[in-house]
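Residue numbers (the numbering used here), protein chains in the order written: chain A, 1 to 115; chain B, 1 to 115. These notes concern the structure reproduced below.
2 protein chains.
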Amino acid sequence: MFSQEILKGTIKPLIIKLIKDERRMYGYQITQKVKELSSQKIVITEGALYPALHKLVEEGILITESEWIGNRERKYYSLSESGKETAPAKLEEIRESILMLVQLFDLKPLVYDTK
Amino acid sequence: MFSQEILKGTIKPLIIKLIKDERRMYGYQITQKVKELSSQKIVITEGALYPALHKLVEEGILITESEWIGNRERKYYSLSESGKETAPAKLEEIRESILMLVQLFDLKPLVYDTK
DNA sequence: AAATTATACATAATAAAATTAGGTATTATA
DNA sequence: TATAATACCTAATTTTATTATGTATAATTT
Numbered sequence: 001m002f003s004q005e006i007l008k009g010t011i012k013p014l015i016i017k018l019i020k021d022e023r024r025m026y027g028y029q030i031t032q033k034v035k036e037l038s039s040q041k042i043v044i045t046e047g048a049l050y051p052a053l054h055k056l057v058e059e060g061i062l063i064t065e066s067e068w069i070g071n072r073e074r075k076y077y078s079l080s081e082s083g084k085e086t087a088p089a090k091l092e093e094i095r096e097s098i099l100m101l102v103q104l105f106d107l108k109p110l111v112y113d114t115k
Numbered sequence: 001m002f003s004q005e006i007l008k009g010t011i012k013p014l015i016i017k018l019i020k021d022e023r024r025m026y027g028y029q030i031t032q033k034v035k036e037l038s039s040q041k042i043v044i045t046e047g048a049l050y051p052a053l054h055k056l057v058e059e060g061i062l063i064t065e066s067e068w069i070g071n072r073e074r075k076y077y078s079l080s081e082s083g084k085e086t087a088p089a090k091l092e093e094i095r096e097s098i099l100m101l102v103q104l105f106d107l108k109p110l111v112y113d114t115k
């Protein structure tokens with residue numbers, strides 16, 4: 001399987017990015033979305049996902065609302081007001097970090113596609 | 001200062017990449033090169049660098065030769081024969097991982113510059 | 001109908017990898 | 001002469017992930 005080592009340190013920003021885009025998501029849905037976006041290559045393990053989600057709630061970035069689908073709980077996460085304010089800067093930071101990796105590993109020349 | 005969180009898990013491949021390019025490098029030189037390549041934004045700490053270098057030697061990927069500049073030791077690292085064989089695949093893997101991050105964080109559209 | 005897979009949450013033990021802090025010493029510069 | 005730069009290193013701690021385990025419902029396959 002694909003090396004997920006690179007994901008170390010990126011799970012929290014990734015969660016923020018996905019929830020920002022989708023407005024709200026639940027844990028299992030996040031794992032599926034990441035699988036989908038990565039063509040099945042990235043599998044977020046539950047042992048990484050749930051602690052990260054809980055930390056983001058602790059940090060006041062995410063808020064939760066539970067819904068019951070039949071007898072099964074579904075815990076939706078969305079950005080808090082504070083999270084909405086800080087998300088853009090956090091995503092800009094990770095963007096710069098990733099582009100820095102591109103630069104360090106000499107994956108340049110890469111330019112924006114103007115087509 | 002710049003978030004170095006993204007570097008987690010990338011130090012070993014980065015060392016391999018730099019040593020492959022430069023043929024041989026010593027520890028301190030690696031920290032300076034990374035600073036230079038990142039416009040002073042990335043500072044590799046010694047507590048991360050030396051254990052990583054030592055592990056790469058243990059793994060048989062790097063070999064060392066000491067040189068004495070005056071009374072000061074300088075330990076050069078270069079790719080072993082085995083390291084030369086395995087480096088391209090390792091770098092391809094990290095390349096794919098970084099491009100996966102680009103994709104996940106929606107930093108696309110990015111294409112190779114054909115200029 | 002029974003077994004398996006998918007959905008859905010979660011935690012605990014362990015391992016890996018970094019940060020922070022500390023240590024030693026030489027050489028160059030202010 | 002004091003400080004900064006060069007040059008190596010390790011240890012304690014923290015952070016973060018993996019692996020394993022646990023519980024339970026719903027859907028699908030045999």
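No residue lacks a Cβ here, since even glycine has one placed at the ideal position from N, Cα and C. The structure displayed is predicted, hence computed values, not measured ones.
Are any of the Cβ atoms in chain A nearer than 7 angstroms to that of residue i?
{"i": "residue 84/B", "result": "no"}
{"i": "residue 17/B", "result": "yes"}
{"i": "residue 80/B", "result": "no"}
{"i": "residue 1/B", "result": "Any reading at residue 1/B is ruled out, since the residue's pLDDT is 28, under 50, leaving its predicted position unreliable."}
{"i": "residue 12/B", "result": "no"}
Would you kindly check if the distance between the Cβ of residue j and the Cβ of residue i is under 7 angstroms?
{"i": "residue 78/B", "j": "residue 60/B", "result": "no"}
{"i": "residue 100/A", "j": "residue 66/B", "result": "no"}
{"i": "residue 75/A", "j": "residue 64/A", "result": "yes"}
Am I right that residue i and residue j are in contact with their C-beta atoms under 8 angstroms? What's the rounded C-beta distance?
{"i": "residue 90/A", "j": "residue 16/A", "result": "6 angstroms"}
{"i": "residue 30/A", "j": "residue 44/A", "result": "7 angstroms"}
{"i": "residue 8/A", "j": "residue 8/B", "result": "4 angstroms"}
{"i": "residue 62/B", "j": "residue 19/B", "result": "7 angstroms"}
Does residue i come within less than 7 angstroms of chain B when only Cβ atoms are used?
{"i": "residue 8/A", "result": "yes"}
{"i": "residue 20/A", "result": "no"}
Out of the options, which one is the CA nearest neighbour of residue i?
{"i": "residue 94/A", "options": "93/B, 92/B, 98/B and 94/B", "result": "98/B"}
{"i": "residue 72/A", "options": "26/A, 53/A and 33/A", "result": "26/A"}
Looking at chain A, which residues of the stretch 88-108 of chain B have a Cβ within less than 9 angstroms of any of its Cβ atoms? 91, 93, 94, 95, 96, 97, 98, 99, 100, 101, 102, 103, 104, 105, 106, 107 and 108
Given a limit of 8 angstroms on CB to CB distance, which residues of the stretch 37-56 of chain B reach chain A? 37, 38, 41 and 42
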